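What follows is a short report on a single structure.
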Amino acid sequence: MKCLQCGGKMTVRHETRRAYAGLEGVIIEGVQVRHCPECGEEELSYSNVEQLHAQLALQLARKEAALTPREIRFLRTWLGLSSTDLAKRMGVAKETVSRWERLDKPLSMGATAERLLRLMAVHEQPVEEYPLEQLEHVATSKPAPLRVRLKPRKQGWTAEV
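The letter at position 148 of the sequence shown is residue 148 when you use the UniProt record's numbering, and the numbering goes up by one with no holes.
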């Protein structure tokens, strides 16, 4: 394969990448990375990205700590919703959604709103089981990044928390 920048020959490796989609605690293994030794250009390729995102959304919905602003944004965009759409579905102002996603001085989402967002994320994907009693412990501690390692498998992506 040729580099799109300089036309040089790309080399291919499988690597582990951190902070996928801006989520600090997420580690993705088996990422195909094409490197151009001539200009330094790099291209990443994730296999079965839809299932990867679904697995990540499910892991976010299951975590006990409150969602971080980047995690809220990931779930909103994974659901295919604009800020306005999410605000309408949750019964809040558009500005409230924006404040939840702010990186500097974010507005706390609150346990009820977080539960609703998490349930929306679970409902939008095929889930065979989701222990509802876990929701009692959701968002009861300070926001913390999700810590998960995602690995590609023949059946799709698996998560190790």
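Every residue, glycine too, gets a C-beta built ideally from N, C-alpha and C.
Since the model is a prediction, treat every value here as computed from it, not as a measurement.
List the endpoints of the continuous beta strand (DSSP E) containing Pro-69. Position 69 of the sequence shown, counting from 1, holds the residue named residue 69. Per DSSP, Pro-69 belongs to no beta strand (DSSP E); it is in the alpha helix (DSSP H), 69 to 78.
Any alpha helix (DSSP H) of 4 or more consecutive residues that is wholly inside the region 11 to 78
49 to 62 and 69 to 78
- prompt: What is the DSSP secondary structure of Val-161, reduced to helix, strand or coil?
  reply: For the purposes of this step, residue 161 is taken as the residue at position 161 of the sequence shown. The answer is coil: DSSP assigns Val-161 none of H, G, I, E or B.
For this session: Tell me whether Glu-15 is buried or exposed, calling it buried when 16 or more other Cβ atoms sit within 10 Å of its Cβ.
Result: The sequence position of residue 15 within the sequence shown is 15, counting from 1. By the neighbour-count rule (16 or more Cβ atoms within 10 Å), Glu-15 is not buried but exposed.
**Asked** Any idea what DSSP makes of Leu-119, helix, strand or coil?
**Response** As a working mapping, residue 119 is identified with position 119 in the sequence shown. In this structure, Leu-119 counts as helix in the three-state DSSP scheme.
Item to check | Pair within 8 Å by beta-carbon distance, Thr-96 and Pro-143 | outcome: Position 96 of the sequence shown, counted from the first residue, corresponds to residue 96. Position 143 of the sequence shown, counted from the first residue, corresponds to residue 143. Their beta carbons are not under 8 Å apart, which means Thr-96 does not touch Pro-143 by this criterion.
Element boundaries [alpha helix (DSSP H), containing Arg-89]: Here residue 89 is taken as the residue at index 89 of the sequence shown, counted from 1. Counting along the chain, the alpha helix (DSSP H) containing Arg-89 begins and ends at 83 to 90.
Check your understanding: Taking the C-alpha atoms as reference points, what is the distance between Pro-126 and Ala-93?
Key -> For the purposes of this step, residue 126 is taken as the residue at position 126 of the sequence shown. For the purposes of this step, residue 93 is taken as the residue at position 93 of the sequence shown. Any answer about Pro-126 is weak, because its pLDDT of 42 lies below 50 and its placement is not dependable; what the coordinates show is given next. If I take the Cα positions, the gap works out to 29 Å.
Using a 10 Å radius around the Cβ and a threshold of 16 neighbouring Cβ atoms, would you call Glu-64 buried or exposed? Position 64 of the sequence shown, counting from 1, holds the residue named residue 64. Exposed: under 16 other Cβ atoms inside 10 Å.
Output needed for Met-10: all residues of its chain with C-beta closer than 6 Å, excluding positions within five of it in sequence on either side, in chain order.
Taking the sequence shown and counting its residues from 1, one reaches residue 10 at position 10. Met-1, Cys-3, Arg-34 and Cys-36.
Among the candidates Arg-18, Ala-159, Glu-29 and Glu-24, whose CA atom is the shortest distance from the CA of Arg-70? Here residue 70 corresponds to residue number 70 of the sequence shown, with the count starting at 1. Taking only the C-alpha atoms, the option nearest Arg-70 is Glu-24.
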